[in-house]
Amino acid sequence: MTTSPILSSVGEAVREPMPLADVDLADPDNFLDGVTPWRMFHTLRHQDPVHWQPEPEPNHGFWAVTRHADIARVDRDAETFTSTKFVNLEEVDDDQIKKRASILELDGVRHRALRSLLQRQFGARTINGYGDFLRGLTARTLDAALAKGTFDFVKDVSADFPINVLARLLDVPEEDNKQLIEWGNRIIGNTDPDYADVLLGSEESEKYRDLPFRSPASLEVFAYGRELARQRHGKDGTDLISRLVNETPRDGVPLSPQDFDNYFLLLVVAGNETTRHTISHSMLALIQHPEQLARLQEDPSLIPTAVEEFLRWASPVYHFRRTATRDVELGGKQVKEGDKVVMWFASGNRDEEVFGDPYDFDVARHPNDHVTFGKGSPHLCLGNLLARTEIRIMFEELIPRIAGVRLAGEVPRVRSNFVNGIKRLPVEVTLA
86 MTTSPILSSV
96 GEAVREPMPL
106 ADVDLADPDN
116 FLDGVTPWRM
126 FHTLRHQDPV
136 HWQPEPEPNH
146 GFWAVTRHAD
156 IARVDRDAET
166 FTSTKFVNLE
176 EVDDDQIKKR
186 ASILELDGVR
196 HRALRSLLQR
206 QFGARTINGY
216 GDFLRGLTAR
226 TLDAALAKGT
236 FDFVKDVSAD
246 FPINVLARLL
256 DVPEEDNKQL
266 IEWGNRIIGN
276 TDPDYADVLL
286 GSEESEKYRD
296 LPFRSPASLE
306 VFAYGRELAR
316 QRHGKDGTDL
326 ISRLVNETPR
336 DGVPLSPQDF
346 DNYFLLLVVA
356 GNETTRHTIS
366 HSMLALIQHP
376 EQLARLQEDP
386 SLIPTAVEEF
396 LRWASPVYHF
406 RRTATRDVEL
416 GGKQVKEGDK
426 VVMWFASGNR
436 DEEVFGDPYD
446 FDVARHPNDH
456 VTFGKGSPHL
466 CLGNLLARTE
476 IRIMFEELIP
486 RIAGVRLAGE
496 VPRVRSNFVN
506 GIKRLPVEVT
516 LA
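Oh and the sequence shown: position 80 is 165 in this note's numbering, straight run, nothing missing.
This is the structure in structure tokens:
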């Protein structure tokens with residue numbers, strides 16, 4: 086059996102000194118082995134927690150914020166650290182911002198107004214009402230996968246399950262699920278040659294500079310969403326699309342066609358990718374730490390607590406960016422107006438000042454003040470309760486069914502410094 090380098094002792098590996106001069110968070114190749122990112126973050130937190138990271142042209146570099154406290158400060162202060170200049174590392178001009186801005190790239194009144202359109206659909210009362218549906222869907226997913234004995238956990242479980250939930254929320258047919266997954270891969274994987282139609286930073290990507298993630302797949306998502314909007318306009322549906330096309334935001338400004346395009350694309354991407362990768366990383370962690378799997382098998386009441394550790398451990402999104410609106414001191418460094426300031430959530434989730442033994446995977450860890458969904462900002466992930474519920478139910482259903490699980494092949498990762506993704510997770514399962 087061939088295994089991934091991630092099976093090495095990550096905790097020991099990250100403590101191997103990495104010279105500060107070797108740290109390069111701008112290179113996606115440094116995020117392929119499952120160890121190097123954590124070594125870089127470890128070095129930065131201990132040697133240069135607000136670190137100036139140069140980037141290849143045409144970008145100009147960014148401040149890498151790697152400690153939990155500094156991440157929280159940036160995330161909570163939208164006046165000083167704005168999202169309106171974009172939240173990814175790509176530097177965009179004002180014309181691109183006008184065309185590409187989603188709810189993620191808004192602050193203040195308009196952000197709150199667009200968020201409120203769907204806030205109720207992601208609130209506790211609605212999500213708690215999905216329990217039977219989610220449990221039935223989970224059982225169906227696991228029945229099909231576990232019957233195989235040996236299978237790709239990503240394809241058959243962690244990708245299949247969230248996309249079925251998204252299809253329910255959007256009220257689209259199940260047969261579209263494969264296409265929705267493919268679109269998410271192509272868009273988010275814009276630095277991975279296995280996924281991207283056009284690699285970010287390539288000369289060809291200039292043709293698509295006005296599209297989200299510079300991905301041609303965005304055009305296909307837009308067309309799909311527009312047809313759904315056409316069908317549901319003026320009707321009384323309660324799905325997410327019906328609410329977007331038939332309700333007016335609190336600020337009284339209706340969604341423009343462009344607003345709808347970008348909102349819909351965000352739902353397609355965010356509604357699948359992060360939950361999928363968290364479930365994959367959690368399964369891998371339980372394989373690597375069989376004593377933790379045994380704890381959950383012996384005491385299933387720990388699973389809700391374990392979900393928070395799954396989210397901390399997985400850190401499915403490495404970073405989000407803000408831009409300084411004024412000169413400001415941060416972590417002893419002088420940040421200038423217009424500088425990119427990047428919150429490395431994954432690093433904050435391993436901060437020794439907050440988490441005892443942060444490289445230990447502990448399903449009973451409490452408290453667990455992770456920053457996976459952000460830290461108290463207006464941009465706190467809208468779907469965080471849905472994600473938590475999906476992950477909890479998945480493992481409540483999965484763990485009693487298995488006696489043991491082991492890797493059955495390599496575990497390749499997405500080539501990305503934005504999404505901490507696992508492409509395939511081949512497993513061999515012994516049923517309980």
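Where is the CB? At the ideal position from N, CA and C, for every residue including glycine.
Test item: CB-CB of residue i and residue j under 8 Å
{"i": "residue 239", "j": "residue 507", "result": "yes"}
{"i": "residue 307", "j": "residue 344", "result": "no"}
{"i": "residue 427", "j": "residue 409", "result": "no"}
{"i": "residue 457", "j": "residue 487", "result": "no"}
{"i": "residue 396", "j": "residue 207", "result": "no"}
{"i": "residue 296", "j": "residue 303", "result": "yes"}
{"i": "residue 212", "j": "residue 471", "result": "yes"}
{"i": "residue 242", "j": "residue 227", "result": "yes"}
{"i": "residue 275", "j": "residue 294", "result": "no"}
{"i": "residue 157", "j": "residue 460", "result": "yes"}
{"i": "residue 372", "j": "residue 476", "result": "no"}
{"i": "residue 99", "j": "residue 309", "result": "no"}
{"i": "residue 335", "j": "residue 168", "result": "no"}
{"i": "residue 436", "j": "residue 210", "result": "no"}
{"i": "residue 378", "j": "residue 387", "result": "no"}
Cα-Cα separation between residue i and residue j, rounded to whole angstroms
{"i": "residue 411", "j": "residue 244", "result": "41 Å"}
{"i": "residue 256", "j": "residue 324", "result": "6 Å"}
{"i": "residue 497", "j": "residue 268", "result": "19 Å"}
{"i": "residue 473", "j": "residue 433", "result": "19 Å"}
{"i": "residue 222", "j": "residue 312", "result": "27 Å"}
{"i": "residue 484", "j": "residue 236", "result": "17 Å"}
{"i": "residue 90", "j": "residue 120", "result": "For residue 90, the pLDDT reaches just 38, beneath the cut-off of 50, and the residue's location in the model is therefore unreliable, leaving the point undetermined."}
{"i": "residue 219", "j": "residue 229", "result": "16 Å"}
{"i": "residue 122", "j": "residue 328", "result": "40 Å"}
{"i": "residue 383", "j": "residue 215", "result": "27 Å"}
{"i": "residue 125", "j": "residue 429", "result": "11 Å"}
{"i": "residue 196", "j": "residue 205", "result": "15 Å"}
{"i": "residue 318", "j": "residue 342", "result": "12 Å"}
{"i": "residue 416", "j": "residue 140", "result": "21 Å"}
{"i": "residue 234", "j": "residue 489", "result": "11 Å"}
{"i": "residue 406", "j": "residue 517", "result": "45 Å"}
{"i": "residue 129", "j": "residue 263", "result": "39 Å"}
{"i": "residue 503", "j": "residue 277", "result": "11 Å"}
{"i": "residue 385", "j": "residue 481", "result": "7 Å"}
{"i": "residue 258", "j": "residue 338", "result": "31 Å"}
{"i": "residue 424", "j": "residue 186", "result": "19 Å"}
{"i": "residue 464", "j": "residue 453", "result": "20 Å"}
{"i": "residue 106", "j": "residue 492", "result": "35 Å"}
{"i": "residue 261", "j": "residue 353", "result": "12 Å"}
{"i": "residue 305", "j": "residue 116", "result": "29 Å"}
{"i": "residue 392", "j": "residue 374", "result": "15 Å"}
{"i": "residue 93", "j": "residue 512", "result": "The pLDDT assigned to residue 93 is 42, lower than 50, so where the model puts this residue is not dependable, and the model offers no usable value."}
Best match in the options for proximity to residue i [C-alpha to C-alpha]
{"i": "residue 351", "options": "514, 166, 199", "result": "199"}
{"i": "residue 254", "options": "196, 489, 349", "result": "349"}
{"i": "residue 203", "options": "500, 326, 454", "result": "326"}
{"i": "residue 370", "options": "310, 510, 517, 260", "result": "510"}
{"i": "residue 225", "options": "246, 273, 186", "result": "246"}
{"i": "residue 438", "options": "492, 386, 154", "result": "154"}
{"i": "residue 320", "options": "103, 151, 332", "result": "332"}
{"i": "residue 162", "options": "492, 413, 480, 505", "result": "413"}
{"i": "residue 104", "options": "116, 159, 131", "result": "131"}
{"i": "residue 462", "options": "316, 159, 378, 116", "result": "159"}
{"i": "residue 505", "options": "367, 137, 372, 164", "result": "367"}
{"i": "residue 251", "options": "355, 393, 116", "result": "355"}
{"i": "residue 118", "options": "512, 501, 513", "result": "501"}
Residues sharing a beta bridge with residue i, DSSP
{"i": "residue 428", "result": "150, 405"}
{"i": "residue 267", "result": "Bridge partners of residue 267: none, in fact."}
{"i": "residue 311", "result": "Residue 311 pairs with nothing; no bridge assigned."}
{"i": "residue 492", "result": "512"}
{"i": "residue 487", "result": "516"}
{"i": "residue 242", "result": "Per DSSP, none; premise fails for residue 242."}
{"i": "residue 250", "result": "In DSSP, residue 250 forms no bridge with anything."}
{"i": "residue 373", "result": "Per DSSP, none; premise fails for residue 373."}
{"i": "residue 237", "result": "511"}
{"i": "residue 101", "result": "None, per the DSSP bridge assignment."}
{"i": "residue 418", "result": "415"}
{"i": "residue 498", "result": "507"}
{"i": "residue 136", "result": "149"}
Chain B within 8 Å of residue i, Cβ atoms only
{"i": "residue 157", "result": "Reference to chain B is not applicable here, since this structure consists of a single protein chain."}
(message) Measuring CB atoms only, is the region 280-287 touching the region 396-408, in the sense that at least three cross pairs come out at less than 8 Å?
(response) no
(message) Taking 8 Å as the cut-off, does the region 156-173 touch the region 183-192 (at least 3 CB pairs, one atom from each stretch)?
(response) yes
(message) Using a Cβ distance threshold of 8 Å, determine whether the region 436-454 contacts the region 348-365, with at least three qualifying pairs required.
(response) no
(message) Taking contact to mean 3 or more Cβ pairs, one atom from each stretch, closer than 8 Å, check whether the region 105-116 and the region 139-152 are in contact.
(response) yes
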